[in-house]
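Visitor: Heads up: the protein sequence lines correspond to chains A and B, in order.
Counting along the first sequence from 1, when you hit position 30 you're at 73 in our numbering, and nothing is skipped either side.
Counting along the second sequence from 1, when you hit position 189 you're at 171 in our numbering, and nothing is skipped either side.
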Amino acid sequence: MTNTKTLISTAVSSLMLLGIAGTTVPANAADMEKCYGVAKAGKNDCQTANSSCAGTATKDAQKDAWLFVPKGTCEKLVGGSSKSGA
Amino acid sequence: MPRLRELQQAFGSWLQFDDASEIAALVCANGLAGNRRVQIYRNNLLVTLTDALRAVYPVVEKLVGDGFFRFAANEFIHHYPSRHGNLHLFGHEFAKFLSEFAAAKGHAYLPDVARLEWAQHEVYHAVDHAPLAPQSLTAIDPDRYESLCFTLHPARRLLYSPYPVVRIWEVNQPDFDGDQTVDLSASGNCVLVLRINGAIELHTLARPEYRFLATISEGKTLGQAVEAALEQHRDFDLNHYLAKHVQNGTLVEFNLA
Chain A
44 MTNTKTLIST AVSSLMLLGI AGTTVPANAA DMEKCYGVAK AGKNDCQTAN SSCAGTATKD
104 AQKDAWLFVP KGTCEKLVGG SSKSGA
Chain B
-17 MPRLRELQQA FGSWLQFDDA SEIAALVCAN GLAGNRRVQI YRNNLLVTLT DALRAVYPVV
43 EKLVGDGFFR FAANEFIHHY PSRHGNLHLF GHEFAKFLSE FAAAKGHAYL PDVARLEWAQ
103 HEVYHAVDHA PLAPQSLTAI DPDRYESLCF TLHPARRLLY SPYPVVRIWE VNQPDFDGDQ
163 TVDLSASGNC VLVLRINGAI ELHTLARPEY RFLATISEGK TLGQAVEAAL EQHRDFDLNH
223 YLAKHVQNGT LVEFNLA
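#1: For E191 (chain B), is the classification buried or exposed, using 16 other Cβ atoms within 10 angstroms of its Cβ as the cut-off for buried?
#2: Taking the Cβ atom as the reference point for each residue, do D292 (chain B) and A137 (chain B) lie within a distance shorter than 8 Å?
#3: Tell me, which residues are paired with I182 (chain B) by DSSP?
#4: Out of A:G122, A:L61, A:L50 and A:T47, state which residue places its alpha-carbon closest to the alpha-carbon of A115 (chain B).
#5: Residue range of the beta strand (DSSP E) that N237 (chain B) falls in?
#6: Excluding the five sequence neighbours on either side, which residues of its own chain have a C-beta within less than 7 Å of the C-beta of A210 (chain B), listed in chain order?
#7: Could you pull the DSSP bridge partners for D243 (chain B) from this structure?
#8: Tell me whether the stretch 90 to 100 of chain B and the stretch 147 to 167 of chain B touch, counting them as touching only if at least three CB pairs, one residue from each stretch, are closer than 8 Å.
#9: Sort B:L(-3), B:D161, B:A168 and B:V148 by Cα distance to H185 (chain B) and report the nearest one.
#10: What do you get for V121 (chain A), buried or exposed, if any count of 16 or more other CB atoms within 10 angstroms of its CB means buried?
#11: Applying a beta-carbon distance threshold of less than 8 Å, which residues of chain B neighbour T49 (chain A)?
#12: Can you tell me where the beta strand (DSSP E) holding Y142 (chain B) begins and where it ends?
#13: Using C-beta distances below 7 Å, list every residue in its chain close to Q206 (chain B), excluding the 5 sequence neighbours before and after it, in chain order.
#14: Buried or exposed for C117 (chain A), please, with buried defined as at least 16 other CB atoms from any protein chain shown within 10 angstroms of its CB.
#15: Whose C-beta lies closer than 6 Å to the C-beta of F(-7) (chain B) among residues of the same chain, with five residues either side of it excluded?
#16: Within 10 angstroms of the Cβ of Q21 (chain B), are there 16 or more other Cβ atoms? Answer buried if so, exposed if not.
#17: If the cut-off is 8 Å on Cβ atoms, which residues from the stretch -8 to 8 of chain B count as contacting chain A, listed in chain order?
#18: My output table needs one value for T203 (chain B): the three-state DSSP class, helix, strand or coil.
#19: Would the stretch 70 to 90 of chain B and the stretch 117 to 132 of chain B be scored as touching if the rule is three or more Cβ pairs under 8 Å?
#20: Against chain A, which members of the stretch 40 to 64 of chain B pass a CB distance test of less than 7 Å?
#21: Cα separation between T47 (chain A) and E235 (chain B)?
#22: Straight-line CA distance for L69 (chain B) to C131 (chain B)?
#23: Taking a Cβ distance cut-off of 8 Å, strictly less, list which residues of the stretch 77 to 91 of chain B are near chain A, in chain order.
#24: Could you work out which residue in B:R18, B:A77, B:V29 and B:G201 is closest to L233 (chain B) when comparing CA atoms only?
#25: Which of the three DSSP states, helix, strand or coil, is assigned to L(-14) (chain B)?
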């Protein structure tokens, strides 16, 4: 389609005039350090007091029947929860 | 006496909740009976994997509550055991699991919330990539622009949901203090998950813009992507969107089909 060709030609040409300096500078070293210093809980701290205690039960974890119903903020989601996820 | 390989297999199947595994009988008692000692190991695994899921899916957890989340996680771990040495790769089937999980049936949006959280998790850990230098396009013959195939930055994910997943995600952030009510019949979201300077961002996209990027991400040409976007909207502003996604570092490389 000629229309598409013109659109593309214009868009790609103007891209080259753009000069994108500044907008997409990769993260500087300091930012990266900050970012990678953050470890999500449970991912690489397997020796925390929490997990080493919680897992030492010698009985297999029980399935509690009362847990079958979601009881969180999902109650605040209204008007269409039965809509199927198409 | 079993071979090492048989021992490892018996231990592996025990860890995957195969109670017919004979590993317990092969473990020496030492203060505790053998079966109780291996149960400690397995329970620790369960706790570790549950915590790993919690770390990736905090909004799903908040939506369904701690108890239900633990129940769902337990079922998930039984059906989709970890297949990698790297814990960061564990849990990607959680959305699929939730979509099939009878107990979560009344909450059809949950799998999409999980997909959004997994996308953020992947983007967070994806490798970095330098932005595209527009000047490098001068090497391309203008007659062939339609055949350009762009590559998306590794730290980008596209996601469509018929539900307002971005709003659901936002009102369930720890620092959100507004009204948590969400109208599920509100329009769905086309989302671009991206990492800018180490931080995860969610950008909602216009539908033609989403089609445009999604088509490019499938390895199609610029010509095909533009056609797909124009099908969504006759006035698709290619100038604007192409520049936007080169500038925000989403389109990072190109070659000719």
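Even for Gly, the Cβ is constructed at its ideal location relative to N, Cα and C.
Since the structure is predicted, the reported quantities are computational estimates derived from the model, not experimental observations.
Guide: Considering the structure as presented:
#1: Within the second sequence, residue 191 (chain B) is the residue found at index 209, counting from 1. Buried, since its Cβ has 16 or more Cβ neighbours within 10 Å.
#2: Chain B is shown only over -17 to 239; residue 292 (chain B) falls outside these bounds and no answer can be derived.
#3: Here residue 182 (chain B) is taken as the residue at index 200 of the second sequence, counted from 1. Looking at the DSSP assignment, I182 (chain B) forms a beta bridge with B:R177.
#4: Numbered from its first residue, the second sequence carries residue 115 (chain B) at position 133. Ranking the options by Cα distance to A115 (chain B), first place goes to A:L61.
#5: Taking the first residue of the second sequence as 1, we reach residue 237 (chain B) at position 255. Here the beta strand (DSSP E) through N237 (chain B) covers L233 to L238.
#6: Walking along the second sequence from the start, residue 210 (chain B) turns up at place 228. R193, F194 and T197, listed in sequence order.
#7: In the structure as shown, chain B begins at -17 and stops at 239. Residue 243 (chain B) is therefore absent and cannot be evaluated.
#8: Segments in contact, yes.
#9: For the purposes of this step, residue 185 (chain B) is taken as the residue at position 203 of the second sequence. The shortest Cα separation from H185 (chain B) among B:L(-3), B:D161, B:A168 and B:V148 belongs to B:V148.
#10: In the first sequence, the residue the question calls residue 121 (chain A) occupies position 78. Exposed, because fewer than 16 other Cβ atoms sit within 10 Å of the Cβ of V121 (chain A).
#11: Looking up residue 49 (chain A) in the first sequence gives position 6. The contacting residues do not exist; T49 (chain A) stays about 10 Å from chain B at best.
#12: Along the second sequence, one-based indexing puts residue 142 (chain B) at 160. R138 to S143 is the span of the beta strand (DSSP E), which, as asked, contains Y142 (chain B).
#13: The residue labelled residue 206 (chain B) in the question sits at position 224 within the second sequence. The answer, listed in chain order, is T197.
#14: As a first step, residue 117 (chain A) is located in the first sequence; it is residue number 74 there, counting from the start. So C117 (chain A) counts as buried.
#15: Stepping through the second sequence from its first residue, residue -7 (chain B) is reached at position 11. I5, listed in sequence order.
#16: In the second sequence, residue 21 (chain B) corresponds to position 39, counting from 1. Buried, because 16 or more other Cβ atoms sit within 10 Å of the Cβ of Q21 (chain B).
#17: none
#18: Reading the second sequence from its first residue, position 221 is the one you call residue 203 (chain B). Coil at T203 (chain B), not helix or strand.
#19: no
#20: Within the stretch 40 to 64 of chain B, the residues whose Cβ lies closer than 7 Å to some Cβ of chain A are K44, L45, V46, G47, G49, F50, R52, F53 and N56, listed in chain order.
#21: The sequence position of residue 47 (chain A) within the first sequence is 4, counting from 1. The sequence position of residue 235 (chain B) within the second sequence is 253, counting from 1. The C-alpha of E235 (chain B) is placed about 22 Å away from the C-alpha of T47 (chain A).
#22: Indexing the second sequence from 1 puts residue 69 (chain B) at position 87. Indexing the second sequence from 1 puts residue 131 (chain B) at position 149. Roughly 34 Å between the two C-alpha positions.
#23: S81, A85, A86, G88, H89, A90 and Y91
#24: Reading the second sequence from its first residue, position 251 is the one you call residue 233 (chain B). When each option's Cα is compared against that of L233 (chain B), the closest is B:G201.
#25: By one-based count along the second sequence, residue -14 (chain B) stands at place 4. Three-state DSSP puts L(-14) (chain B) in a helix.
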